[in-house]
Amino acid sequence: MKKIITVIIAIGLFLSFGGKAPASDPSPVLPPLEDGKARLSAVEKVYVKGIRLEDNTVFSDEVLGTITAAYENREITAEELQELKDKLTRYYVANGYINSGAIILDQDIRDGIISLQIIEGKLSQTKVSGNTWLMDSYISKRLELATRGGKDPLNVNKLQQHLKLLKQDPRIDNINANLGPGLELGQSILDVEVDEARPYHMTLRFNNYHAPSIGSYSGEIDLSHLNLTGWGDSLSAHYALTEGLDDYSFRYAIPLTRWGTTLSFEMSQTEAVVVSEEFKDKDIRSETENYSLSLHHPFYKTLSGEFSMGLTLERSESKTFMGDDPFPFTSYEGDDVGVYKVTPLRFYQEWVKRSMSQVIALRSTFSFGLDMLDATVDISEDWFWMESPPNAEFITWLGQFQWLRRLKLLESQLLFKLDMSLSNDPLLPVEKFAIGGSSTVRGYRENLMTTDNGLVTSLEWRVPLGHLKIPGLSKGPDDGLLQLCPFFDFGHGWNVDNPDPSTNSIYSTGIGASWTVSKIINAEIYWGKSLKDADDGSDEYDIQDDGIHFQFNMGLF
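First residue of the sequence shown? That's 4 in this note's numbering, and the numbers climb one at a time after it.
Right, here's the structure in full:
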């Protein structure tokens, strides 16, 4: 169901400021006031030397002076004074301040100066209904950002922006808002009716996105609940299984503030066994545990863009075995053979800009390997194939860029991606940059090479061929979309103080097909032709050797 926002503005908010004074019977013309004083209500015409505005904070005297100037330094009638009041009110309303305006209080007229009071209306209360599990405050606090918790005058344009942002929340299916007058002049009450979205989801996935050495074919399942306790906190779980891989992870995230500050904790555990025939009898396996704590905050967020930053502290431990014995590939002095531990602190920044024709996304991540929590810092010189052994103290930078552009040509889309990783230090395997495969350079095996530094880039043209709908599944107007996707990929990697891979630049071209059966079912398959030979060190065949990568997604609920 398409989400709809309805904002109903009570007419009384405007009429409370906008009525005109009734016409008066003709009366004798009074001379201009000079140095004396008289009550404004006692005169029908008055010479106005100047207009003084009181309590206006949204618009300055200079801005509103463009309206009042026409009524100064001349004689005006009561009707003209009412007209001025209405013009000031309409100016506020036209700029979104629908419960703000000017009023005229009875006053003594001194030296030809008349005062008009500006009432800048506030949002006095937000009432939430229709929600069953989501807390009232989750809705009201985010809408009150439009007025900084009631500190700023109510602007209906800002309120609508926050309603639309709230509509994008996956926990909300539909939202209707009714804005009406409050108990006092200039106050408004917002009645919000919410239809909650189903908070729990389950997705099944099948692909060949893993390295053939551990089994390329993967069955995966994702489970999530987006509103566990009613405060908008989420719990998600992921499980992936291949012939040689057993991987699972959990993530819990909770919003801390109305501005979207989020604290999250994640843990994962992976057990992998090399299943390639040439190494199968050696029983090479690894165990990896990873824990992370993250704090994320959006500093700027609108419908068209967002800028956010975050900090993540990780703890990773990996063990390698050959049979029952630790494998010395990751040995280092002072601890068990075959074990390495890394404690990186990551500082990331994200920027997104959206328009009707394009989306631009940038992400920058600085990672600092810390000597804490028993991190691997003293590597043994027994790493005989390395001139400069790595350790857990390092500094890296990862830059990521994506650009999606809608084209008038064939109503197609152009997608450009670029990832770059830079380091001045030799890196442990878990921190290296992987090149090759479905998400980097198609047409080659997954993780064909891993290096300390790397660059991958991709250009893809998505051309719609039409709609191939499945009755009972393809219900929406965009369901069944079939796209043809020619592409070109490039990847280059190099090491620090150690030899580069024998082939450290690879590139490919090819074509793919994407089929969006419905919002919850989609499939894609890509064929890439490698344009440069690269030895993967294996004689065992896999369909990735023919450049084929595929994935099927199905959301069960």
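Even glycine gets a Cβ: it sits at the ideal position worked out from N, Cα and C.
For arginine 174 and serine 143, I'd like the C-alpha separation in whole angstroms. As a working note, residue 174 is residue 171 in the sequence shown. As a working note, residue 143 is residue 140 in the sequence shown. The straight-line gap from Cα to Cα measures roughly 14 angstroms.
Please report the straight-line C-alpha distance between asparagine 525 and threonine 519, rounded to a whole angstrom. For this step, residue 525 is matched to residue 522 along the sequence shown. For this step, residue 519 is matched to residue 516 along the sequence shown. The straight-line gap from Cα to Cα measures roughly 4 angstroms.
Exposure of isoleucine 398, with buried meaning 16 or more beta-carbon neighbours within 10 Å: By 1-based counting over the sequence shown, the position of residue 398 is 395. Taking a 10 Å sphere around the C-beta of isoleucine 398, we find fewer than 16 other C-beta atoms and assign the residue as exposed.
Counting only the same chain and skipping the five closest in sequence on each side, list residues whose C-beta sits under 8 angstroms from that of aspartate 542. Here residue 542 refers to the residue found at position 539 when the sequence shown is read from its first residue. Same-chain partners within the cutoff: Glu281.
Serine 321 and threonine 291: beta carbons closer than 7 angstroms? For the purposes of this step, residue 321 is taken as residue 318 along the sequence shown, with counting starting at 1. For the purposes of this step, residue 291 is taken as residue 288 along the sequence shown, with counting starting at 1. In contact: serine 321 and threonine 291 (Cβ atoms closer than 7 angstroms).
With distance defined between alpha-carbon atoms, name the residue in Tyr351, Asp374, Thr315 nearest to leucine 365. Stepping through the sequence shown from its first residue, residue 365 is reached at position 362. The residue with the shortest Cα to Cα distance from leucine 365 is Tyr351.
Serine 127 and glycine 189: beta carbons closer than 7 angstroms? Mapped onto the sequence shown, residue 127 falls at position 124. Mapped onto the sequence shown, residue 189 falls at position 186. No. Outside cutoff.
Exposed or buried, which one is methionine 605 when buried takes at least 16 other CB atoms within 10 Å? Outside the shown range of the chain, which is 4 to 560, sits residue 605, and nothing can be said about it.
Does valine 66 pass the burial test, meaning 16 or more other C-beta atoms within 10 Å, or should it be called exposed? Translated into positions along the sequence shown, residue 66 becomes position 63. In summary, valine 66 is exposed, with fewer than 16 beta-carbon neighbours lying within 10 Å of its beta-carbon over all protein chains present.
Count the other CB atoms, across all protein chains shown, that sit within 10 Å of the CB of proline 25; report buried if there are 16 or more and exposed otherwise. Taking the first residue of the sequence shown as 1, we reach residue 25 at position 22. Note that proline 25 has pLDDT 38, beneath the 50 cutoff, so the model's placement of it is unreliable and no number is given.
Residues bridged to glutamine 120 (per DSSP): Reading the sequence shown from its first residue, position 117 is the one you call residue 120. Glutamine 120 pairs with Glu57, Ile106.
Within this structure, are the beta carbons of threonine 460 and phenylalanine 493 separated by less than 7 angstroms? Position 457 of the sequence shown holds residue 460. Position 490 of the sequence shown holds residue 493. Going by C-beta atoms, threonine 460 is nearer than 7 angstroms to phenylalanine 493.
Are the beta-carbon atoms belonging to aspartate 176 and alanine 200 less than 7 angstroms from one another? Along the sequence shown, read from residue 1 onward, the residue named residue 176 stands at position 173. Along the sequence shown, read from residue 1 onward, the residue named residue 200 stands at position 197. A contact, by the Cβ cut-off of 7 angstroms.
Tell me which residues share the same chain as glycine 496 and place their Cβ nearer than 6 angstroms to its Cβ, disregarding the 5 neighbours each side in the sequence. Residue 496 sits at position 493 when you count from the first residue of the sequence shown. Here the set comprises Ile438, Met452, Thr454, Gly457, Asn507.
Are there any heavy atoms of the ligand SAH lying less than 6 angstroms away from the beta-carbon of arginine 357, as far as the coordinates show? Only the bare structure without any ligand can be found here, which leaves the ligand SAH out of the picture.
Go ahead and label glutamate 57 buried or exposed: buried means 16 or more other beta carbons lie within 10 angstroms of its beta carbon, across all protein chains shown. Counting from 1 along the sequence shown, the entry for residue 57 is found at position 54. When all chains shown are included, glutamate 57 counts as exposed.
CA-CA distance, arginine 1 and serine 118? Since the first residue shown for the chain is 4 and the last is 560, residue 1 is missing from the structure and cannot be characterised.
What are the boundary residues of the alpha helix (DSSP H) that aspartate 249 is part of? Mapped onto the sequence shown, residue 249 falls at position 246. Here aspartate 249 belongs to no alpha helix (DSSP H); instead the beta strand (DSSP E) covers 248-258.
Hey, would you say valine 61 sits closer than 7 angstroms to glycine 115, going by beta carbons? Numbered from 1 along the sequence shown, position 58 holds the residue referred to as residue 61. Numbered from 1 along the sequence shown, position 112 holds the residue referred to as residue 115. No, Cβ-Cβ distance for valine 61 and glycine 115 is not below 7 angstroms.
Secondary structure at leucine 84, three-state DSSP: helix, strand or coil? On the sequence shown, residue 84 is found 81 positions in, with the first residue counted as 1. Leucine 84: helix per DSSP, three-state reduction.
Can you tell me which of Pro432, Leu348, Phe560 puts its alpha carbon nearest to the alpha carbon of threonine 323? Position 320 of the sequence shown, counting from 1, holds the residue named residue 323. Closest option to threonine 323, Cα to Cα, is Pro432.
State yes or no: is the C-beta of alanine 105 within less than 7 angstroms of the C-beta of leucine 91? Reading the sequence shown from its first residue, position 102 is the one you call residue 105. Reading the sequence shown from its first residue, position 88 is the one you call residue 91. Cβ atoms of alanine 105 and leucine 91: closer than 7 angstroms.
Taking three-plus beta-carbon pairs below 8 angstroms as touching, is the stretch 296-305 in contact with the stretch 256-268? yes
If I follow the unbroken alpha helix (DSSP H) through serine 69, where does it start and stop? By one-based count along the sequence shown, residue 69 stands at place 66. Looking at the sequence shown, residue 69 is not serine but threonine. Element bounds for threonine 69: 64-71.
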